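Numbering (the working numbering), first residue to last: 114 to 198. Just so you know, even glycine gets a beta-carbon here, dropped at the ideal spot from N, CA and C. Computed from a prediction, not measured in an experiment: that's the story for all the values here.
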Amino acid sequence: GGDKAKVTVLGGTGFVGSRVCKLLQEEGADVTSVSKAGTIPSWCAGEAWTDGVSWKSADLLGGDESSLASAIGTPESIVSWKSAD
114 GGDKAKVTVL GGTGFVGSRV CKLLQEEGAD VTSVSKAGTI PSWCAGEAWT
164 DGVSWKSADL LGGDESSLAS AIGTPESIVS WKSAD
């Protein structure tokens, strides 16, 4: 079928996480990036694939549960690439 995999990437604006978002989006996944910044990283600003990612802001380490749940959504898979700094 034509169903897209729903994937949420935690830390999706970082060096590794943003590249994971790029690869997933290019493979046809429905990608949500959750990070403190919640914005498109400068290295890929203006690239077409970034329009296919939902960039959401949430404090993964200190945020309240409802905000995190809202940002993460209901994905089929979660990829976590969040550094502790």
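By the C-beta criterion, the stretch 115-128 is judged to be in contact with the stretch 175-190, since at least 3 inter-stretch pairs fall below 8 Å. Beta bridge pairing from DSSP links V120 with V144 and S190. Annotation: P154 to R132 spans about 10 Å, alpha carbon to alpha carbon. Under the three-state reduction of DSSP, K135 is assigned to helix.
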